[in-house]
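Some notes on the structure that comes next.
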Amino acid sequence: MKHLRSISEIGVDGVQRLLELTDTMVDINQRPNPRVPALRGKTVCNLFFEDSTRTRLSFETAAKRLSADVMTFSVGTSSVNKGESLRDTIETVAAMGVDAFVIRHGSSGVPWQVSRWTTASIINAGDGWHGHPTQALLDAYTVRQALGRSSGLDGVRVAIVGDIRHSRVARSNVEVFTALGADVTLVAPVTLLPPVPPAPTTDDLDAVVEKVDVLYLLRMQRERMQEALVPSLREYSARFGLTAERARRLPEHALVMHPGPMNRGVEILVDPAELPGAVITQQVTNGVAVRMAVLFELLGAGRDVPVEEPV
Amino acid sequence: MTGSVLIRGGTVVDREGERRADVLIEDGRVAAIGDAVGAELRADQVLDAGGCVVAPGFVDLHVHLREPGREEVETIETGSRAAALGGFTAVVAMPNTDPPQDSRGVVEFVRARGEQAGLCEVLPAGCITMGRAGEALAPYAELVAAGVRIFTDDGNGVQDPLLMRRAMEYSRGLDMVLAQPCEVARLTQGAVMHEGRCCSELGLPGWPALAEELMVHRDLELSRLTGARIHLLHLSTARSVELVRLAKADGVAVTAEAAPHHFTLTDEHLRGYDPVFKVNPPLRTADDVAAIKAGLADGTIDAIATDHAPHPQEDKERPIDTAPPGMLGLETALGVALAELDLPMQDVVAALSWKPAAIAGVSDRHGVPIQEGSPANLVVFDPTVSWSVRPAALASNSRNTPYVGRTLKGRVRHTVFRGAPVVIDGVPQK
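Sequences listed follow chains B and Z, in order.
For the first sequence, the positions run 9 to 319 when our numbering is used.
For the second sequence, the positions run 2 to 431 when our numbering is used.
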C-alpha cells in the first residue's frame, strides 16, 4: 500500500488488513510503555491546512508511538499565508526528506494533487467534503470491537444521520461499512444529501431508530442555516436529533457514534455519558491505533510487525 | 508581397461539395482552380496537399486571447499563432479582457494587435453590458460601426431578465448578434463540476444541467418575443440541445455552438481531481456527449467553437475548487472533431468554417467556396493522420490542454491567410 487517500483505493482487502493490524496496535497501546521502534528513522509530516485538534493530535501520537520523527505544519504559522503555492509548499517540505505526508485540507482532492508532486506516501486526514478514510477505519474498528465481530460487519444495520452532503466522514464511512457488508441507511432531508446518494435514504429517523445496530450522528454546522438547507436548528433537532425519546427506542445493544466535535443540543440532545451504547470515547482511543496501523502499513515495508516488547 | 502559391494534389471540400482540384493563389485571391491547372511553372511556391483536404479556413466563434490584461497567459499574437496552427483564419476574441471590450478604443486595439500579428483575422466581440457588470447596456451602435458583430458578457451571463430583454429589443435595428453563456449563476455558486453521480462521490459542489437549461429557455423565449438574433455559447446538456431544436423548428432566430471537449470528455475525467478538466460549463455525462454529437449531426448546433481559455500552470495547480475553469482548444479542435465525430467530411468542415463565418458576419471573406476570385483564406489538412498532443510544443503561451495521452485524428498541414501561407507543414511562418 503506497497511499491512503480514500477507502476505495485500498479496497476491502486493504480495509481488512488495516483492521487486523489495528488489533496489534491496540495491544501495544495497552502496555505501560506504549512505544515501539517500528518506524525509527522514518519522517512523517502532518500538513494541516484546516483546523483540527483531535485528528492532528491522534496522528502525532500514532507516529510517536511508532518512533517516527514528526513534523507538524499548521497553516496559521506557515508560508502559505505569504502566498506560497500548494505545490511549492509540498516540494519544499519534501526536499527536507519526508516519508509520508498526512494532509488535512478544506478542498476535496488535494491528496491526489499532492501525490503528483512527491514520491512520499500520502495519508488523507480529511479533504473537503470528500473523504476521511482514517475516521472511517476507526469507526469500523470500533463497531467491530463493540459488537464482538471478528472480521466483517455482515448484516449490521447502520444509520448515518445528518448533513451527508457536506460530510467527508459520511462518504468514507459509507464506503467502509458497505465494503464490510453492513446495511447502511442515510437519514437526512434531501437538501442535506448529495445529488446521487451512495446508499438508501430516508428522512424519517423515527422509522429507523428501532431497527439499527449503529446510530451514527454527524455534526450539524450552523452555516447550513444561511444556505436555506434547513429551516432552523430547532426544526433540525426535532426531526434529526437524538432526543431522549428516540434514545429510549434504540435497541438495547445499539451503538451511538459521533465523529466529534459534538454539537450538544443540536444533533445530540441527551448526555452521551448516560447512553449505554455510546462509544464516542472508544472512537477516539481507537483512532490512535488505527493511525498507527496505517502509518506502519505504508512506511513499514520489510519491517517486522511490532509484536515484541522493545528491549 | 507574397508571390503566387499553388496548393497541389488535394481534395477541395467547401459548401459546393467535394472535388479533386489544385488551387492557385495570387494577390490574396484564388486565381485558378481545377485539375492540372498547369500553373505550376507560374507559382512561386508549391504546397503539397497530397491526401489532404483543402477547405475554406476555419472560424472560431469563441476564444479568450487574454490581451489586454493578462499577457503572461496569452497574447493576441500567441493566440493567433495557435489559431493558425489549428487551421483558423478568423477568431472571435471574447471581451472579458482588462479593460473589457466595451468601448471603441479597446475594440480597435484588439483588432489592430490582430493585424500586427498577421496570422489570422481577430474579430473583437463587444460587451452586452458596460464592464460586463450586468447593469447598463454597452454602446452597441458605436461598436457595430467599429465592426463588432457579436456581443456577449462571456465569463458572466446576463442574469437580469429585464436587462437582457432591453438588450434584445435595442439590438433589433442593428447588424449584431447577442451571444449568451447560458448559466443561471445563482444555481452554480461554488460549483466545480457537473452535478450528478460523479460529483456526489468526489465530494465536489455540482453545476446542475438545469442552470444552463433555464437560461437557454429564457433567452429562447426572449428572442421569440423580441425577434432578436441570438447565439448560444458552448451548449453542454442534452436538454439544451432539445430546447434549441424545438425553438429552431418554430423559427426562433437562434444559432448555437458546442466546444470539442463537450462532445469528447465527460465528468468521469475529474476522478483524479486534475483541474485541467475543470471548465465552464462543466464536462457532462456520456448521454450529454451523445446529444451534442446528435445536435451537430442534424444542424441544431451550427458551429464547433473552442472556448480556448489559456490559464497558467500555477493556477491550474491550485486546489480544484479554487482553480479557474477553462481549457485550451485552438490547436486541437480539428483533431478532436475528426477523431470523435462520425460525420461526413463536409459537415465537419461546415461546422468549423462557413457556418460560424455566417454567424460572425464574415461570410464575404471566410468560409467562402473555393473558386476563382474568392479570398484566399484556406486550410489544408491531412484527415487521417493520428497524433498526440505534446503540451510543450503548443504555440499557446499556456499548457492547459486536456488531451494529453489521447490520440487525435487529422492535423493541419498548411494555413493560408489573405493569400500568404502562415503555416507550412505544421510550422508557423511567423
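All residues carry an ideal CB built from backbone N, CA and C; glycine is no exception.
Rounded C-alpha distance that separates H266 (chain B) from T186 (chain B):
18 angstroms
Quick one: Cα of Q190 (chain Z) to Cα of D35 (chain B), how far?
49 angstroms
Could you say if the segment 391-403 of chain Z and the segment 128-139 of chain Z meet the contact criterion of at least three C-beta pairs nearer than 8 angstroms?
no
Identify the contact partners of L94 (chain B) in chain Z, using a Cβ-Cβ distance below 8 angstroms as the criterion.
E318, R319, P320
For a contact meaning CB atoms closer than 9 angstroms, what does P203 (chain B) contact in chain Z?
E196, G197, R198, C200, S201, G207, P209
Straight-line CA distance for P206 (chain Z) to L244 (chain Z)?
26 angstroms
By the DSSP assignment, the beta strand (DSSP E) with D79 (chain B) in it spans what residues?
It should be pointed out that residue 79 (chain B) corresponds to Met in this sequence rather than to Asp. Residues 77-82.
Quick check on W321 (chain B): does DSSP put it in helix, strand or coil?
What is shown of chain B runs 9 to 319, which leaves residue 321 (chain B) out entirely.
8 angstroms is my cut-off, CB to CB: does E184 (chain Z) come that close to chain B?
no
Residue range of the unbroken alpha helix (DSSP H) whose run includes N181 (chain B)
176-187
Could you name each continuous alpha helix (DSSP H) segment of 4 residues or more that falls completely within the segment 120-186 of chain Z, going from the start of the chain to the end?
141-146, 162-172
Cβ neighbour criterion (16 or more within 10 Å) applied to N41 (chain B)
exposed
Could you say which of Z:G10, Z:E318, Z:D15 lies nearest to H367 (chain Z) if we only look at CA atoms?
Z:D15
What did DSSP end up calling F109 (chain B) once you bin it into helix, strand or coil?
strand
Output yes if chain B places a C-beta closer than 8 angstroms to the C-beta of E143 (chain Z); else output no.
no
At least one CB of chain Z closer than 8 angstroms to the CB of P206 (chain B): is that the case?
yes
In whole angstroms, what is the alpha-carbon distance linking A358 (chain Z) and F248 (chain B)?
59 angstroms
In this structure, how does DSSP classify E315 (chain Z) when only helix, strand and coil are distinguished?
helix
In the DSSP assignment, find the alpha helix (DSSP H) that holds I360 (chain Z) and state where it starts and stops.
355-360
Is the segment 205-220 of chain Z in contact with the segment 235-254 of chain Z, if contact means three or more CB pairs nearer than 8 angstroms?
yes
Determine whether the beta carbon atoms of A128 (chain B) and V151 (chain B) lie at a separation below 8 angstroms.
no
What three-state label does DSSP hand K410 (chain Z) in the structure shown?
strand
Extent of the continuous alpha helix (DSSP H) run through I293 (chain Z):
287-298
Three-way DSSP call (helix, strand, coil) for R43 (chain Z) in this model
coil
Beta carbon of R153 (chain Z), beta carbon of P100 (chain Z): below 8 angstroms?
The sequence as given places Thr at residue 153 (chain Z); Arg does not occur at that position. No.
Below 7 angstroms, is the gap between the Cβ of V428 (chain Z) and the nearest heavy atom of the ligand GTP?
Among the components modelled here there is no ligand, and therefore nothing to report on the ligand GTP.
With distances taken from CA atoms, which of Z:L179, Z:L284, Z:R246 is nearest L164 (chain Z)?
Z:L179
I need the DSSP call for A250 (chain Z), collapsed to helix, strand or coil.
helix
In terms of DSSP beta bridges, what is A56 (chain Z) paired with?
Z:V380
Rounded C-beta distance between P370 (chain Z) and E17 (chain Z)? I'm assuming under 8 angstroms.
5 angstroms
Among Z:L247, Z:G52, Z:I302, Z:E269, which residue has its Cα nearest to the Cα of E202 (chain Z)?
Z:E269
Three-state class that DSSP yields for H232 (chain Z) in the structure shown
strand
If you count every other CB in all the chains shown that lies within 10 Å of the CB of E136 (chain Z), and 16 or more means buried, which is it?
exposed
Report yes if the CB atom of V380 (chain Z) is closer than 8 angstroms to the CB atom of G88 (chain Z), and no otherwise.
yes
Spatial neighbours of M2 (chain Z) within its chain, please: C-beta separation below 7 angstroms, excluding the five flanking residues on both sides.
Reliability of the predicted coordinates at M2 (chain Z) is poor, the pLDDT of 49 falling under 50, and the value obtained from them is presented with this limitation in mind. None.
Between which two residues does the beta strand (DSSP E) harbouring M33 (chain B) extend?
Per DSSP, M33 (chain B) belongs to no beta strand (DSSP E); it is in the alpha helix (DSSP H), 15-37.
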